[in-house]
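Colleague: Residue numbers (the UniProt record's numbering): 1 to 257.
Note that CB positions come from ideal geometry on N, CA and C, so glycine has one too.
If you scroll down you'll find the structure; I have some questions about it.
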């Protein structure tokens, strides 16, 4: 029997409007009831900018921890600006907010990375931070291309900081870039610290995240090609008429898959 994997529920799985209306804590409680090990707090789903103030983040983090859950802190900020330069201010603010929350991971978008990683500056920002920085493959051309991610990890190694950050491998997001996720897993698996689990339905601008089918052999092959030791996040929407049942069923399935 294989060991169970930590499963995280991403707040948006419960519906963006529901999270903004009722707050993250309600859905962290639902995640705990579903058997999840962790909960992903999404900065863009705060009802008010004041929710990102350190005292409020600290209170939220303490209450989530009291449920027995650990946290991912996700921000829509990008690590690199459109001109390819490191956005040190966005990195600093994201780390400060994640530390206030008590998060295990802080997740940013990659942004406009081109060639230079500026890895020493990243390492300096993380020197006293007890959390892991990860960047996620997004749906847009900027921050979503396979070449960018391969180039990033090559640059980090070249600059002497190969392990300063890792990757959130979003299985479904590759569809927006017309990349087969199994093709991306080959060169990137060694850098993956966290997996966002979803597939997609539709095409082009009418493409939407969806739950993987239990018999989806391509999805299973991607999971098999990625590290089993890293947490798996549920980022597809639950059916509103059966949220609790969906959450529990998918947590159990992904933990054992």
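Out of 45, 56, 90, 198, state which residue places its alpha-carbon closest to the alpha-carbon of residue 207.
Modeller: It is 198.
Colleague: What distance in whole Å lies between the Cβ atoms of residue 211 and residue 250, which are believed to be in contact at a cut-off of 8 Å?
Modeller: Indeed they touch by this definition, with Cβ atoms about 7 Å apart.
Colleague: For a quick check, are the C-beta atoms of residue 31 and residue 69 less than 8 Å apart?
Modeller: Yes, these two residues count as a Cβ contact at 8 Å.
Colleague: Any beta-carbon of chain E closer than 8 Å to the one on residue 58?
Modeller: Absent here is chain E; the protein component of the structure consists of one chain.
Colleague: Which first and last residues belong to the beta strand (DSSP E) in which residue 61 is found?
Modeller: That residue, residue 61, is in no beta strand (DSSP E); its alpha helix (DSSP H) goes 54–66.
Colleague: Considering only the alpha carbon of each residue, which of 87, 73, 23, 57 lies closest to residue 194?
Modeller: It is 73.
Colleague: Does the beta-carbon of residue 198, which I'm using as the reference point, lie nearer than 7 Å to any heavy atom of the ligand COA?
Modeller: You won't find the ligand COA in this model; it holds no ligand whatsoever.
Colleague: Considering only the alpha carbon of each residue, which of 152, 163, 140, 44 lies closest to residue 175?
Modeller: Ranking 152, 163, 140, 44 by Cα distance to residue 175 puts 140 first.
Colleague: Do you know how far the Cα of residue 125 is from the Cα of residue 165?
Modeller: When rounded, the distance between both Cα atoms is 12 Å.
Colleague: In angstroms, rounded to a whole number, what distance separates the CA positions of residue 26 and residue 51?
Modeller: Cα to Cα, residue 26 sits roughly 15 Å from residue 51.
Colleague: How many Å lie between residue 20 and residue 75 at the Cα?
Modeller: One C-alpha to the other measures close to 15 Å.
Colleague: Take residue 7 as the anchor and find which of 242, 240, 228 has the nearest alpha-carbon.
Modeller: Here the closest residue by C-alpha is 228.
Colleague: List, from N- to C-terminal side, the alpha helix (DSSP H) runs of 4 residues or more that fit wholly inside the region 104–149.
Modeller: Within the region 104–149, the complete alpha helix (DSSP H) runs of at least 4 residues are 119–126.
Colleague: Can you tell me the Cα-Cα spacing of residue 170 and residue 55, whole angstroms?
Modeller: Rounded to the nearest angstrom, the two C-alpha atoms are 31 Å apart.
Colleague: Mind checking whether residue 258 and residue 191 have CB atoms under 8 Å apart?
Modeller: Given a span of 1 to 257 for the chain in the structure shown, any question on residue 258 remains unanswerable.
Colleague: Hey, how far is the Cα of residue 184 from the Cα of residue 135?
Modeller: Computed Cα separation, rounded: 15 Å.
Colleague: What residue range is occupied by the uninterrupted alpha helix (DSSP H) comprising residue 89?
Modeller: Residues 88–101.
Colleague: Straight-line CA distance for residue 65 to residue 71?
Modeller: So the two alpha carbons sit approximately 8 Å from each other.
Colleague: State the start and end residues of the unbroken alpha helix (DSSP H) segment that holds residue 238.
Modeller: Run containing residue 238: none; DSSP gives neither H nor E here.
Colleague: Starting from the C-beta of residue 44, find all residues in its chain whose C-beta is less than 7 Å away, skip the five residues before and the five after it, and write them out in chain order.
Modeller: Answer for residue 44: 76, listed in chain order.
Colleague: Which residues in the same chain as residue 209 place their Cβ atom closer than 7 Å to its Cβ, once the five residues preceding and following it in sequence are excluded?
Modeller: So the list reads 172, 198, 200, 235, 236, 237, once near-sequence residues are dropped.
Colleague: From what residue to what residue does the alpha helix (DSSP H) around residue 187 run?
Modeller: Unbroken alpha helix (DSSP H) run through residue 187: 181–188.
Colleague: Hey, residue 57 and residue 101: beta-carbon distance below 8 Å or not?
Modeller: Cβ distance < 8 Å, so residue 57 and residue 101 count as in contact.
Colleague: Decide if residue 203 is buried, meaning its Cβ has at least 16 other Cβ atoms within 10 Å, or exposed.
Modeller: The residue in question, residue 203, is exposed, as its Cβ has fewer than 16 Cβ neighbours within 10 Å.
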